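Enquirer:
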């Protein structure tokens, strides 16, 4: 969790920063994200904000948070920042939805024992332009399967599935699961569970391992996906408003009140 993330009480006098680790807006609880921005607000009141924001910008790869951090000291007016934040939010949600749908397609392929090429076509069809040329994707997934079978390389790294990956890398890794199922059915899938780094894929893979059929997955996975996207949208909206509060030098008490509107 990033250095500014911790619970913030509105009576808190001092804010200390902890060593930097990557922020993941999908996995971070809403409360943790609120605490992140409220911590930055505390630092703004203590006149320490500029150096901390510059440090955060240099480390974070979370696109929405990075944009908002850069906007705090930009010369753009607040209305323009909010409009651009909406554009960025839509892009983040669109990218996440496509990746979750790729995972859903790959998970459905396991109980169906679908032809891996059909799985590849359906995953590629989620993008205006396929993330990778079909032959190359099949060749890379086949090579990956061979390396895993022969234990040639770092298997946890080779099979790691995470929504932060570029679409082409994610495509190849997910195609491996479809190939494995076509050849081995569900046998051995349980040993890959630790490599599922995104909760959506981890839950779906666990259900597949436990024997849930394609009909159940077809109903359940879209519900989970939509819940994740809805909660992520709330996080992005809250982040925008709290970043603007920092930018406009809103009082800490009022920023705290704003955060509570999302936290319930």
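Numbering (our numbering), first residue to last: 183 to 446.
We put the CB at the ideal spot given by N, CA and C, even for glycine.
This structure is a prediction, so every number in the text was calculated from the model and none was measured.
(1) For the 8 Å Cβ check, are there 3 or more pairs between the region 304 to 315 and the region 348 to 358?
(2) Hey, could you find the ends of the alpha helix (DSSP H) residue 358 is sitting in?
(3) On the criterion of 16 or more Cβ atoms from any shown chain inside 10 Å, does residue 288 qualify as buried, or is it exposed?
(4) Taking one C-beta from the region 284 to 301 and one from the region 258 to 271 each time, how about it: are there three or more such pairs within less than 8 Å?
(5) Is the region 241 to 253 in contact with the region 401 to 413, if contact means three or more CB pairs nearer than 8 Å?
(6) When the Cα atoms are used, what is the spatial distance from residue 446 to residue 325?
(7) Residue 379 and residue 428 look like a contact to me (Cβ under 8 Å); what is the Cβ gap, rounded to whole Å?
(8) With DSSP run on the structure shown, which of helix, strand or coil describes residue 378?
(9) State the Cα-Cα distance for the pair residue 307 and residue 300, rounded to the nearest angstrom.
(10) Answer yes or no: do residue 431 and residue 226 have a C-beta to C-beta separation smaller than 8 Å?
(11) Within the same chain, show all residues whose beta-carbon is closer than 7 Å to that of residue 437, passing over the 5 residues directly before and after it, in chain order.
(12) Could you check how far apart the C-beta atoms of residue 373 and residue 390 are, in whole angstroms? I think they sit under 8 Å.
(13) Pull up the CB-CB distance for residue 375 and residue 357, whole angstroms please, since I reckon it's below 8 Å.
(14) Here's the rule I'm using: 16 or more other beta-carbon atoms within 10 Å means buried, otherwise exposed. How should residue 302 be labelled?
(15) Counting along the chain, where does the alpha helix (DSSP H) carrying residue 298 start and finish?
(16) Answer with buried or exposed for residue 262, where buried requires no fewer than 16 other C-beta atoms within 10 angstroms of its C-beta.
(17) For residue 420, which option in 204, 206 and 215 has the closest C-alpha, if you only look at C-alpha atoms?
(18) According to DSSP, what are the bridge partners of residue 343?
(19) Rounded to whole angstroms, how far is the Cβ of residue 348 from the Cβ of residue 377, which I believe are closer than 8 Å?
(20) On the three-state DSSP scale, how would you describe residue 295?
(21) For residue 332, count neighbouring C-beta atoms within 10 Å of its own C-beta (all shown protein chains included) and say buried if the count is 16 or more, exposed if not.
(22) Would residue 403 and residue 345 qualify as a contact pair, given that the criterion is a beta-carbon distance under 8 Å?
(23) Compare the Cα-Cα distances from residue 359 to each of 229, 330 and 235 and report the closest residue.
(24) Checking 8 Å against the spacing of the C-beta atoms, do residue 280 and residue 422 come in under that value?
Expert: For this structure:
(1) Taking 8 Å as the limit for Cβ pairs, the verdict is that the region 348 to 358 does touch the region 304 to 315.
(2) Reading the chain shown from its first residue, position 176 is the one you call residue 358. First-last of the alpha helix (DSSP H) with residue 358: 349 to 366.
(3) Within the chain shown, the letter at position 106 stands for residue 288. Looking at its Cβ environment, which holds 16 or more other Cβ atoms inside 10 Å, residue 288 is buried.
(4) Because the criterion of three Cβ pairs below 8 Å is not met, the region 284 to 301 and the region 258 to 271 do not touch.
(5) No: fewer than three Cβ pairs fall under 8 Å.
(6) On the chain shown, residue 446 is found 264 positions in, with the first residue counted as 1. On the chain shown, residue 325 is found 143 positions in, with the first residue counted as 1. Answer to the nearest angstrom: the Cα atoms are 49 Å apart.
(7) Counted from its first residue, the chain shown places residue 379 at position 197. Counted from its first residue, the chain shown places residue 428 at position 246. 31 Å between Cβ atoms; not a contact.
(8) Along the chain shown, read from residue 1 onward, the residue named residue 378 stands at position 196. In the structure shown, residue 378 sits in a strand (DSSP, three-state: E or B).
(9) Translated into the one-based positions of the chain shown, residue 307 becomes position 125. Translated into the one-based positions of the chain shown, residue 300 becomes position 118. Rounded to whole angstroms, residue 307 to residue 300 spans 10 Å at the Cα level.
(10) Numbered from 1 along the chain shown, position 249 holds the residue referred to as residue 431. Numbered from 1 along the chain shown, position 44 holds the residue referred to as residue 226. Between residue 431 and residue 226, the C-beta gap is smaller than 8 Å, which places the two residues in contact.
(11) Reading the chain shown from its first residue, position 255 is the one you call residue 437. Within the same chain, residue 437 has close Cβ partners 220, 223, 424 and 427.
(12) Here residue 373 refers to the residue found at position 191 of the chain shown. Here residue 390 refers to the residue found at position 208 of the chain shown. Between residue 373 and residue 390 the beta-carbon gap is near 13 Å, outside 8 Å, which marks them as no contact.
(13) Indexing the chain shown from 1 puts residue 375 at position 193. Indexing the chain shown from 1 puts residue 357 at position 175. Incorrect: roughly 18 Å between the Cβ atoms, too far for contact.
(14) As a working mapping, residue 302 is identified with position 120 in the chain shown. Taking a 10 Å sphere around the C-beta of residue 302, we find 16 or more other C-beta atoms and assign the residue as buried.
(15) Walking along the chain shown from the start, residue 298 turns up at place 116. According to the DSSP assignment, residue 298 belongs to the alpha helix (DSSP H) that extends over 298 to 306.
(16) Position 80 of the chain shown holds residue 262. Per the 10 Å Cβ criterion, exposed.
(17) Within the chain shown, numbered from 1, the residue matching residue 420 stands at position 238. Residue 420 has its Cα closest to that of 215, out of 204, 206 and 215.
(18) Taking the first residue of the chain shown as position 1, residue 343 is located at position 161. Residue pairing by DSSP puts residue 343 in a beta bridge opposite 378.
(19) One-based indexing of the chain shown puts residue 348 at position 166. One-based indexing of the chain shown puts residue 377 at position 195. The distance from the Cβ of residue 348 to that of residue 377 is about 17 Å, inconsistent with a contact at the 8 Å cut-off.
(20) Within the chain shown, numbered from 1, the residue matching residue 295 stands at position 113. Three-state DSSP puts residue 295 in coil, outside helix and strand.
(21) The residue labelled residue 332 in the question sits at position 150 within the chain shown. Under this definition residue 332 is an exposed residue.
(22) Counted from its first residue, the chain shown places residue 403 at position 221. Counted from its first residue, the chain shown places residue 345 at position 163. By the CB criterion at 8 Å, residue 403 and residue 345 fall outside the cutoff.
(23) In the chain shown, the residue the question calls residue 359 occupies position 177. Comparing Cα positions, the closest option is 330.
(24) The residue labelled residue 280 in the question sits at position 98 within the chain shown. The residue labelled residue 422 in the question sits at position 240 within the chain shown. Contact flag unset, no.
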